[in-house]
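2 protein chains.
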Amino acid sequence: MIDEALREINRGCAEIIDNERIEKLLKAYFQEGKTYTVKAGFDPTAPDLHLGHTVLLQKLATFQKYGARVQFLIGSFTATIGDPTGKNATRKVLSKEDIIKNIESYTTQAFKILDESKTDIVYNDDWLGKMSAADLIALASNLTVARMLERDDFSKRFKTNVAIATSEFMYPLLQGYDSVYLKSDIEIGGTDQKFNLLMGRQLQKVYNIKKQQAILMMPILEGLDGVQKMSKSLGNYIGVSDEPNDMFGKVLSISDELMWRYFELLSDKSLDEIAALERAVKEGKLHPKKVKEDLALEITARFHDKEAAQNAKEEFDRIHSKSQIPNDISEFSCEGPIWIAKALVDCKMEPSTSQARRDIKQGGVKIDQKKVSDEKLELSSGEYLLQVGKRKFAKLKVK
Amino acid sequence: MIDEALREINRGCAEIIDNERIEKLLKAYFQEGKTYTVKAGFDPTAPDLHLGHTVLLQKLATFQKYGARVQFLIGSFTATIGDPTGKNATRKVLSKEDIIKNIESYTTQAFKILDESKTDIVYNDDWLGKMSAADLIALASNLTVARMLERDDFSKRFKTNVAIATSEFMYPLLQGYDSVYLKSDIEIGGTDQKFNLLMGRQLQKVYNIKKQQAILMMPILEGLDGVQKMSKSLGNYIGVSDEPNDMFGKVLSISDELMWRYFELLSDKSLDEIAALERAVKEGKLHPKKVKEDLALEITARFHDKEAAQNAKEEFDRIHSKSQIPNDISEFSCEGPIWIAKALVDCKMEPSTSQARRDIKQGGVKIDQKKVSDEKLELSSGEYLLQVGKRKFAKLKVK
């Protein structure tokens with residue numbers, strides 16, 4: 029049981045620091061029912077979330093399944109700090125009210141994945157807002173400038189002479205201090221957050237917290253193209269608030285390879301279930317499109333509901349069946365005008381004109397992808413794509 | 029009058045930034061009686077002050093003569109900040125009480141130079157202690173890391189991989205902010221403080237103070253050797269609490285060249301008075317030693333009193349007259365034993381033995397630097413240094 033939990037927790041991770049600590053926490057949960065805390069930080073801006081953002085939420089949900097309380101940390105502190113110079117136009121000062129409103133919209137989405145009863149939403153301005161300049165200076169004494177400049181983004185900016193405000197050096201320290209204040213057992217974040225995540229571990233040590241947080245880093249999710257990271261600006265994203273039809277259709281559009289990646293990072297299916305699906309596909313027992321539909325249904329149902337997902341699937345089928353025209357359609361020609369029922373028989377699509385008339389009445393016959401309703405229709409000269417039911421096609425040239 | 033004041037203020041400065049502002053402040057003082065503020069920062073540690081420290085105080089005193097109120101700023105804020113890591117063993121956390129005690133000892137010395145009635149002692153933890161972490165971050169947003177690393181000492185340490193704590197980046201900002209809070213019109217400091225002094229000017233601008241502080245930088249005072257900076261560890265210093273005799277003697281020990289430097293930076297004499305002395309020495313009308321004695325008297329009287337200074341001079345003369353033996357002393361020889369009075373006549377030091385006897389009676393005759401009291405003394409064989417009064421010497425070899 030612990031092994032399975034650990035496997036699910038490790039699933040899809042880019043890097044884990046102190047997995048041993050995670051093992052011990054799981055053991056204590058399974059053997060003594062002890063819960064533990066997993067911290068994840070979120071911006072108090074209200075972006076339109078896309079699936080890329082939910083990779084982290086999925087992992088948090090997994091932790092909740094195995095005894096974790098989630099510390100859903102809102103980075104509200106920096107958002108409330110003004111820039112006295114007014115230079116930094118990009119940093120909009122948010123009021124606490126703005127932030128709470130943004131976060132409500134955020135959590136409404138997040139709680140489609142997270143268990144609300146096992147989630148504590150905390151705002152770091154509750155403690156950082158009370159911190160004095162003296163405290164901050166004492167905090168800053170724990171890190172050297174050289175070490176700070178090792179951080180990837182700072183290092184790049186420093187080398188290319190892109191300005192770094194000294195205030196920016198404070199943010200990793202504050203994020204780290206959050207872990208001190210919250211006494212987090214585990215923190216999770218993106219791989220791009222490694223420096224800041226380690227800062228929490230380091231500062232917990234400085235502030236005499238006996239056991240430092242384990243760190244779990246999730247990879248960046250690829251977008252629909254399977255190459256670049258999912259992002260709004262690249263247009264390769266599935267938005268959490270996309271309409272069910274869009275959501276379903278976008279999942280179906282990904283490659284088979286990317287599908288397994290999405291299963292790993294986004295599906296609630298267990299690793300064993302996914303492995304079974306993979307086997308079945310490999311052995312030809314299951315069509316990959318069927319598996320992809322299941323994933324699309326799961327994801328669509330998550331952010332809407334099962335019925336909406338099912339409707340989306342049907343709508344998708346309806347629309348896309350249109351274009352399910354085989355490439356090798358038999359071609360016929362005849363003198364016109366010709367009665368539609370006779371034409372269908374001539375083209376070997378119907379056994380008899382009476383059967384043809386019945387099918388027309390039931391809406392089973394299309395010309396150029398439009399349903400035929402008039403059973404007496406005469407085709408004059410021209411070219412026609414005839415269709416009976418879903419699968420029978422013929423091209424007819426009427427002279 | 030303004031011109032003279034400006035000359036005295038400019039006197040000895042290493043660098044002045046915005047001298048125009050100083051001119052305007054002086055004009056407003058002389059024409060409208062408007063006072064203005066001059067800030068200088070001091071450490072709340074209680075070092076044994078030496079004359080090097082008083083260069084700044086002398087300049088402040090000059091400003092006070094010309095309408096300034098001195099903001100005697102105690103950097104008490106950082107001294108009260110602890111280092112949570114305990115790494116920084118050199119930084120002793122001082123209590124407010126410690127600081128006040130230290131500063132009392134400091135100002136007791138300083139008020140021998142400064143006019144207490146025109147001095148406001150201010151402690152920066154009074155406002156920095158109330159500053160929040162958020163305020164500090166906003167403050168820090170005004171300066172880039174690159175600019176901070178341009179500071180001489182940071183730059184050197186960064187290049188040679190000597191650790192700089194990120195907290196150290198905060199100190200120049202805080203010192204600058206002091207000028208914002210105090211709305212200082214002028215700040216003075218050592219040349220090594222240029223970066224921090226400019227920070228005050230820059231931040232005043234950011235915080236919308238219409239007229240930024242002028243800056244006046246004083247050079248580092250050379251020690252008794254005239255080469256290296258005056259410092260306790262080099263042993264080339266004159267301590268403010270040195271005994272009058274030491275103080276007087278140390279000043280007399282400096283070179284003539286250094287004497288003029290000390291006049292410029294340490295004397296209350298006006299530039300005109302000093303120029304007159306220089307002329308007189310150049311023209312041979314005044315012995316440089318006499319001028320040096322005046323300087324020694326002035327400095328000793330400043331930290332003790334006139335009487336103590338005068339006593340020190342006399343004591344000095346008494347002791348040092350011993351060694352005032354010319355290099356080119358005439359040598360004589362004679363058969364012994366010989367009567368002292370006759371010996372003095374033979375050596376052409378006395379016109380007659382009766383005069384010699386009178387001088388001996390009055391204590392005006394020395395042998396080997398010891399007074400002779402016995403007018404009947406016979407010199408047996410040996411070598412003797414004979415002296416009559418202060419200036420007459422002879423060497424006598426008695427065979």
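The listed protein sequences derive, respectively, from chains A and B. Counting from 1 along the first sequence, just add 28 to a position and that's the residue number in our numbering. Counting from 1 along the second sequence, just add 28 to a position and that's the residue number in our numbering. Where a beta carbon is used, it is the ideal one built from N, C-alpha and C, also for glycine. Source: prediction; values computed, not measured.
Residue contact with chain B for L171 of chain A: present (Cβ-Cβ distance below 8 Å to some residue of chain B). Under a 10 Å Cβ-count criterion, N170 of chain A is classified as buried, with 16 or more other Cβ atoms of the shown protein chains found around its own Cβ.
Among the residues of the segment 150-164 of chain A, those with a Cβ less than 9 Å away from any Cβ of chain B are D153, L156, G157, K158, M159, S160, A161, A162, D163, L164, in the order of the chain. In the three-state reduction of the DSSP assignment, R330 of chain A falls in the helix class, which pools H, G and I.
The DSSP assignment places complete beta strand (DSSP E) segments of no fewer than 3 residues inside the segment 346-406 of chain A at 359-362, 393-395, in order along the chain. The alpha carbon of E32 of chain A has as its nearest neighbour, out of A:Y94, A:D76, A:Q86, the alpha carbon of A:Y94. Cβ contact annotation for A107 of chain B (same chain, cutoff 7 Å, sequence separation greater than five): P72, L122, I127, in chain order.
For the pair V83 of chain B and E321 of chain B, the Cα-to-Cα distance works out to about 20 Å. At a cut-off of 8 Å, the C-beta of M176 of chain B has a neighbouring C-beta in chain A.
Not a single C-beta of chain B is nearer than 8 Å to the C-beta of S123 of chain A. In the three-state DSSP reduction, E48 of chain B falls in the helix class (H, G or I). For I192 of chain A, the residues of chain B that pass the 9 Å Cβ criterion are T172, V173, A174, in the order they occur in the chain.
When Cβ-Cβ separations below 8 Å define contact, N224 of chain A makes no contact with chain B. By DSSP's assignment, H78 of chain B forms a beta bridge with B:G267. Taking C-beta atoms as the reference points, S295 of chain B and G364 of chain B fail to come closer than 8 Å.
As the crow flies, the alpha-carbon of K158 of chain B is around 8 Å from that of A161 of chain A. Straight through space, the alpha carbons of I248 of chain A and I214 of chain B are spaced by roughly 54 Å. A residue is called buried when at least 16 other Cβ atoms come within 10 angstroms of its Cβ; P200 of chain B meets this threshold and is buried. K124 of chain B: member of the alpha helix (DSSP H) spanning 124-138, first to last residue. In the displayed model, D300 of chain B falls within a helix according to three-state DSSP. For E32 of chain A, the enclosing alpha helix (DSSP H) covers residues 30-38. In the three-state reduction of the DSSP assignment, K278 of chain B falls in the helix class, which pools H, G and I.
At a beta-carbon threshold of 7 Å, the residues of chain B lying near M198 of chain A are I165, A168, ordered along the chain. With a threshold of 8 Å between beta carbons, S104 of chain A makes no contact with chain B. Between L142 of chain A and A56 of chain A, the CB-CB gap reaches or exceeds 8 Å.
The distance from the Cβ of V319 of chain A to that of L305 of chain A is about 5 Å, consistent with a contact at the 8 Å cut-off. Residue range 104-107 is occupied by the alpha helix (DSSP H) that includes T106 of chain A.
At the C-beta level, M258 of chain B and T194 of chain A stay beyond 8 Å of one another. Contact check for T65 of chain B and S212 of chain B: beta-carbon distance about 5 Å, within the 8 Å limit, so the pair qualifies. For S195 of chain A, the C-beta contacts it makes with chain B under 9 Å involve L164, I165, A166, L167, A168, S169, N170, L171, in order along the chain. Taking G40 of chain A as the centre and dropping the five residues before and after it, the same chain places the C-beta of V83, K87, M246, P247, E292, L293 closer than 8 Å to its C-beta, in chain order.
Of the residues assessed, T328 of chain B falls on the buried side of the cut-off, its CB having 16 or more other CB atoms within 10 angstroms. The beta carbon of A324 of chain B sits closer than 6 Å to the beta carbons of F276, V279, L280 from its chain, once the five residues preceding and following it are set aside; these are given in chain order. Chain A places a beta carbon closer than 8 Å to that of F186 of chain B, counting this residue as a contact. Distances from the CA of D153 of chain A to each of A:R179, A:S145, A:E125, A:Q338 were compared; the closest alpha carbon is that of A:E125.
Against chain B, the CB of N189 of chain A has a partner CB under 8 Å away; the residue lies at that interface.
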